[in-house]
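**Q** Reminder that position 72 of the sequence shown reads as 71 in numbering that gives the first Met the number 0, one-by-one numbering, no gaps.
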Amino acid sequence: MIRHIVLFKLQDAAEGRSKEENIAIARGLADAFPEQIPTLRSVQVVVPVHGAPPDNEGMTLICLFDDLAGLHAYKKHPAHVAFGDFMRKVRIRRTSMDYEE
Numbered sequence: 000m001i002r003h004i005v006l007f008k009l010q011d012a013a014e015g016r017s018k019e020e021n022i023a024i025a026r027g028l029a030d031a032f033p034e035q036i037p038t039l040r041s042v043q044v045v046v047p048v049h050g051a052p053p054d055n056e057g058m059t060l061i062c063l064f065d066d067l068a069g070l071h072a073y074k075k076h077p078a079h080v081a082f083g084d085f086m087r088k089v090r091i092r093r094t095s096m097d098y099e100e
């Protein structure tokens, strides 16, 4: 199994919306992935617990795939490309890591 983790530092406001509104949009896009992307086994969008240090990243996307081929197919999938296009508009930075379980 391959786990794909992406951490996002988000702008406080972007595209005319608050960080919380943009997180809700991102969550909606990601929650639709399982119906759209056959190689995706699971997806989670998580945010820091209330009271976490302010320098924590603002949102994390966690995806699970059977293998690297599935991850590569996901990265090219139009639903993921649209998610990435949206996130580029609302983030400050992005950090990721893929690892085998």
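Glycine included, every Cβ here is placed at the ideal spot set by N, Cα and C.
Tell me the residue span of the alpha helix (DSSP H) that contains Asp35.
**A** Note that residue 35 is Gln in the sequence shown here, rather than Asp. Segment 32-35, the alpha helix (DSSP H) holding Gln35.
**Q** Would you report the Cα separation of Asp84 and Val42, rounded to the nearest angstrom?
**A** Spanning the two alpha carbons is a distance of roughly 18 angstroms.
**Q** Under 8 angstroms by Cβ, that's how I've got Leu9 and Ile91 pegged, so tell me the actual separation to the nearest angstrom.
**A** Indeed they touch by this definition, with Cβ atoms about 7 angstroms apart.
**Q** DSSP has Ala13 in a bridge; who is on the other side?
**A** The partner list for Ala13 (beta bridge, DSSP) reads Arg16.
**Q** Suppose the cutoff is 6 angstroms on Cβ atoms and the five residues either side in sequence are ignored; what does the same chain contact list for His168 look like?
**A** With the chain running from 0 to 100 in the structure shown, residue 168 is simply not present.
**Q** One question on the structure: do Val89 and Glu14 come within less than 8 angstroms of each other, judged by their Cβ atoms?
**A** Yes, they are a contact pair.
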